[in-house]
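Participant: Read top to bottom, the protein sequences are chains A and B. 216 is the number that this note's numbering gives to position 211 of the first sequence; each next residue is one higher, with no gaps. 115 is the number that this note's numbering gives to position 110 of the second sequence; each next residue is one higher, with no gaps. Note that beta-carbon positions come from the ideal geometry of N, C-alpha and C, so glycine has one too. The structure under discussion is supplied below as structure tokens; questions concerning it will follow.
There are 2 protein chains.
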Amino acid sequence: MYIPTIEDMLAAEGRIKPYVHRTPVLTSQFINELSGAELFFKCENLQKAGAFKARGASNAVFGLNDEQAAKGVATHSSGNHGTCLSYAAGRRGIPCTVVMPHTAPQAKKDAVRGYGGHVVECEPSTTSREAVFAEVVAETGAEFVHPYNDPRVIAGQGTCSKELYEQVKKLDAVIAPIGGGGMVSGTCLTLSNLAPSVEIYAAEPEQADDAYRSFKAGHIIADDAPVTVADGLKVPLKDLTWHFVSNHVTDILTATEDEIVDAMKLIWKRMKIVMEPSSAVPLATILKNRDVFAGKRVGVIITGGNVDLDKLPWMNS
Amino acid sequence: MYIPTIEDMLAAEGRIKPYVHRTPVLTSQFINELSGAELFFKCENLQKAGAFKARGASNAVFGLNDEQAAKGVATHSSGNHGTCLSYAAGRRGIPCTVVMPHTAPQAKKDAVRGYGGHVVECEPSTTSREAVFAEVVAETGAEFVHPYNDPRVIAGQGTCSKELYEQVKKLDAVIAPIGGGGMVSGTCLTLSNLAPSVEIYAAEPEQADDAYRSFKAGHIIADDAPVTVADGLKVPLKDLTWHFVSNHVTDILTATEDEIVDAMKLIWKRMKIVMEPSSAVPLATILKNRDVFAGKRVGVIITGGNVDLDKLPWMNS
Numbered sequence: 006m007y008i009p010t011i012e013d014m015l016a017a018e019g020r021i022k023p024y025v026h027r028t029p030v031l032t033s034q035f036i037n038e039l040s041g042a043e044l045f046f047k048c049e050n051l052q053k054a055g056a057f058k059a060r061g062a063s064n065a066v067f068g069l070n071d072e073q074a075a076k077g078v079a080t081h082s083s084g085n086h087g088t089c090l091s092y093a094a095g096r097r098g099i100p101c102t103v104v105m106p107h108t109a110p111q112a113k114k115d116a117v118r119g120y121g122g123h124v125v126e127c128e129p130s131t132t133s134r135e136a137v138f139a140e141v142v143a144e145t146g147a148e149f150v151h152p153y154n155d156p157r158v159i160a161g162q163g164t165c166s167k168e169l170y171e172q173v174k175k176l177d178a179v180i181a182p183i184g185g186g187g188m189v190s191g192t193c194l195t196l197s198n199l200a201p202s203v204e205i206y207a208a209e210p211e212q213a214d215d216a217y218r219s220f221k222a223g224h225i226i227a228d229d230a231p232v233t234v235a236d237g238l239k240v241p242l243k244d245l246t247w248h249f250v251s252n253h254v255t256d257i258l259t260a261t262e263d264e265i266v267d268a269m270k271l272i273w274k275r276m277k278i279v280m281e282p283s284s285a286v287p288l289a290t291i292l293k294n295r296d297v298f299a300g301k302r303v304g305v306i307i308t309g310g311n312v313d314l315d316k317l318p319w320m321n322s
Numbered sequence: 006m007y008i009p010t011i012e013d014m015l016a017a018e019g020r021i022k023p024y025v026h027r028t029p030v031l032t033s034q035f036i037n038e039l040s041g042a043e044l045f046f047k048c049e050n051l052q053k054a055g056a057f058k059a060r061g062a063s064n065a066v067f068g069l070n071d072e073q074a075a076k077g078v079a080t081h082s083s084g085n086h087g088t089c090l091s092y093a094a095g096r097r098g099i100p101c102t103v104v105m106p107h108t109a110p111q112a113k114k115d116a117v118r119g120y121g122g123h124v125v126e127c128e129p130s131t132t133s134r135e136a137v138f139a140e141v142v143a144e145t146g147a148e149f150v151h152p153y154n155d156p157r158v159i160a161g162q163g164t165c166s167k168e169l170y171e172q173v174k175k176l177d178a179v180i181a182p183i184g185g186g187g188m189v190s191g192t193c194l195t196l197s198n199l200a201p202s203v204e205i206y207a208a209e210p211e212q213a214d215d216a217y218r219s220f221k222a223g224h225i226i227a228d229d230a231p232v233t234v235a236d237g238l239k240v241p242l243k244d245l246t247w248h249f250v251s252n253h254v255t256d257i258l259t260a261t262e263d264e265i266v267d268a269m270k271l272i273w274k275r276m277k278i279v280m281e282p283s284s285a286v287p288l289a290t291i292l293k294n295r296d297v298f299a300g301k302r303v304g305v306i307i308t309g310g311n312v313d314l315d316k317l318p319w320m321n322s
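Next up, the structure:
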């Protein structure tokens, strides 16, 4: 297992610069007063393709040699990674195949295709996904880019907190949502090297708290098909992300479904940004753990903004 | 009638700097391709109190001498100006009274009160509003700050395009929504002095096209109770804003209700920002007048983000 280094992150930063935004950091006086902390929201919802995953995907795609690049890239993801890999491959002008269940939302398929990627459908089971994916790779010779358990991807995600570190002076802590742990691992990689005194928190839905339970148990525990409004956070940790989480994370905090939706609506209302339920989990945990964050300067990573505007969570309630 | 000068705008810039955000400029490759133009969205939805009107209100409030300030400020507005005047007065620590009909949405009253302002309710008629407002001023001695027909307000709004002019090089045109004409007048004031070759367009709902008809007729024509989803744009031009509009605007373009809602949803979806229907009118007119804007670098002013998340226009359709 190759563990990405700070040099890998710095190389990623230079490599992906032409293909990603240096996203803005926004603040809200109202939410600061509510939380008792000073919060700096790093807006990766305003990133290319609508999510921080454009960073890791671009690093993987633009790090390939020409021979491998010609064969393209492939992944299995019905979430932002598939869209972002398609975006990055499109920018390089190489093929991208994304395997996803035929039951995935049409909008997700359209997003991949919108950037020029190719969608191959499988049955909604792990067996089918793995079989179909193996076929795709065998046929095309495409390079597999895992959504998070990949050193190139983690090094790419680490460029987000590098920017945040430059944009906001004297942070006491950074908090990001945790699913597979790609963003949190990139944050650990960057901050443990550049600003080791900054505490790193991960935020997770109570209904998909595998990372929380893993962290407490000291080894990876995977959930069995968790259900949460924060649909980007259902996947389990893997060995590479576990390495970073277990070594560098200060604590993992959880929030209920209602707390997540309330925090999401609060951010939309007061900060005027469109972001995914997953991106609201950090604020939800900050508001319920005032003692942990009170008086601190906290970077909060808003991970993505790809949400169905016709199916907002408060429309159903 | 005192017409504000470029010196007034520059004085406003220095005066309000501690109280307003230098808002970011966002771009969307997707919308650029759709429109055939290069669009630079100046995000005043991310402004303090959620609207550009924080600029003009802050300029009026912080320009008062101490004696007048002690008596406070007052206005009649059930829209963003009332909220923003309350915000600015709160920052200076002086009283603010906003007269609005008792039928105004609770959220608007709450917004004024949220910043420390005082709401005085009247009947939903011009007669009642004027009578109640006269009473408030007689009792308190408060300074009246008109939502747009006020040189201090126009000078303050002009700081927005000053920033845009610094943030984006070589603009060919700027477009802003037009209601009473405060933002458009401020834009005219700034650009006619600093960058006179930049074309200035105003965008208006077809169903509240009084400015368009005034512009064509050569004199102010007021609508009679127009109905439009762009509820910030129902008010008529007044003498001061007519001065700027009639002298410096290149053209006024209109869009239908459906075009406005489609443009609004497009911006939310692709740019991940929450903004009001009024703010979508410029993009709606750009998309239906491709020949006017094709190949140009166009600044698009997103005027505000105060929208009821439980009553989005596409929820009803």
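So, for residue 120(B): in the same chain, excluding its five sequence neighbours on each side, which residues have a beta-carbon less than 6 Å away from its beta-carbon?
Facilitator: Only 91, 92, 95 meet the Cβ criterion.
Participant: Are residue 234(A) and residue 279(A) closer than 8 Å when you measure CB to CB?
Facilitator: In this structure, residue 279(A) does not lie closer than 8 Å to residue 234(A) by Cβ.
Participant: The beta strand (DSSP E) that contains residue 240(B), what's its start and end?
Facilitator: Unbroken run through residue 240(B): none, as it is neither H nor E.
Participant: So which residues of chain B does residue 279(A) contact, with C-beta pairs closer than 7 Å?
Facilitator: The answer, in chain order, is 273, 277, 278, 279.
Participant: Please list the residues of the stretch 171-194 of chain A that have a C-beta atom closer than 9 Å to any C-beta atom in chain B, keeping them in chain order.
Facilitator: Residues passing the 9 Å Cβ filter: none.
Participant: Ordered along the chain, which non-local residues of its own chain (more than five positions away) have a Cβ less than 8 Å from that of residue 283(B)?
Facilitator: Same-chain partners within the cutoff: 182, 184, 235, 236, 237, 238, 308, 309.
Participant: What in chain B is Cβ-close to residue 315(A), meaning under 8 Å?
Facilitator: What residue 315(A) touches in chain B: 319.
Participant: Chain A partners of residue 29(B), CB-CB under 7 Å?
Facilitator: Here the neighbours are 29.
Participant: Distance, Cα to Cα, residue 271(A) vs residue 33(B)?
Facilitator: If I take the Cα positions, the gap works out to 25 Å.
Participant: Nearest CA to the CA of residue 27(B): which residue from 37(B), 166(B), 154(B), 6(B)?
Facilitator: Nearest of 37(B), 166(B), 154(B), 6(B) to residue 27(B), Cα basis: 166(B).
Participant: Is it the case that the CB of residue 59(B) approaches a heavy atom of the ligand ADP more closely than 7 Å?
Facilitator: This structure lacks the ligand ADP, and indeed carries no ligand of any kind.
Participant: Can you list the residues of chain B that residue 61(A) reaches, using a CB-CB cut of under 8 Å?
Facilitator: None at all; the shortest Cβ gap to chain B is about 19 Å.
Participant: Evaluate the contact criterion for the stretch 60-77 of chain A versus the stretch 103-110 of chain A: three or more CB pairs, one atom per stretch, below 8 Å.
Facilitator: Cβ pair count under 8 Å is below three, so no.
Participant: By Cβ distance, which residues of its chain are closer than 8 Å to residue 312(B), with the 5 residues on each side in sequence left out?
Facilitator: Only 279, 280, 281, 282 meet the Cβ criterion.
Participant: Taking C-alpha atoms, which residue in 39(B), 61(B), 68(B), 29(B) lies nearest to residue 50(B)?
Facilitator: Measuring from the Cα of residue 50(B), the nearest candidate turns out to be 29(B).
Participant: Helix, strand or coil for residue 322(A), going by three-state DSSP, please let me know.
Facilitator: Reliability fails at residue 322(A), whose pLDDT of 49 lies under 50, so the model's placement of it is uncertain and no value is given.
Participant: With a cut-off of 8 Å, does the C-beta of residue 51(B) fall near any C-beta of chain A?
Facilitator: Cβ-Cβ to chain A under 8 Å: yes for residue 51(B).
Participant: Under the DSSP definition of a beta bridge, which residues are partnered with residue 104(B)?
Facilitator: Residue 104(B) is bridged to 81(B), 125(B).
Participant: So residue 25(B) and residue 56(B) are supposed to be a Cβ contact under 8 Å. How far apart are they, rounded?
Facilitator: Incorrect: roughly 11 Å between the Cβ atoms, too far for contact.
Participant: Can you list the residues of chain B that residue 98(A) reaches, using a CB-CB cut of under 7 Å?
Facilitator: Near residue 98(A) there are no residues of chain B at all, since even the closest Cβ is about 15 Å away, more than 7 Å.
Participant: On a CA-only basis, which of 242(B), 87(B), 314(B), 255(B) is nearest residue 273(B)? Give me that one, please.
Facilitator: Comparing Cα positions, the closest option is 314(B).
Participant: With DSSP as the reference, please indicate the residues paired to residue 11(A) in a beta bridge.
Facilitator: In the DSSP output, where bridge partners are listed per residue, residue 11(A) has none listed.
Participant: If you compare alpha carbons, which of 246(A), 213(A), 207(A), 208(A) is closest to residue 224(A)?
Facilitator: Taking only the C-alpha atoms, the option nearest residue 224(A) is 246(A).
Participant: Quick check: what's the CA-CA separation for residue 31(B) versus residue 298(B)?
Facilitator: Spanning the two alpha carbons is a distance of roughly 18 Å.
Participant: Between the Cα of residue 176(B) and the Cα atoms of 21(B), 191(B), 205(B), which residue gives the shortest distance?
Facilitator: Among 21(B), 191(B), 205(B), the Cα nearest to that of residue 176(B) belongs to 205(B).
Participant: Give the interface partners of residue 41(B) over in chain A, defined as CB-CB distance under 7 Å, in chain order.
Facilitator: Those within 7 Å of residue 41(B) in chain A number zero; the least Cβ separation is about 18 Å.
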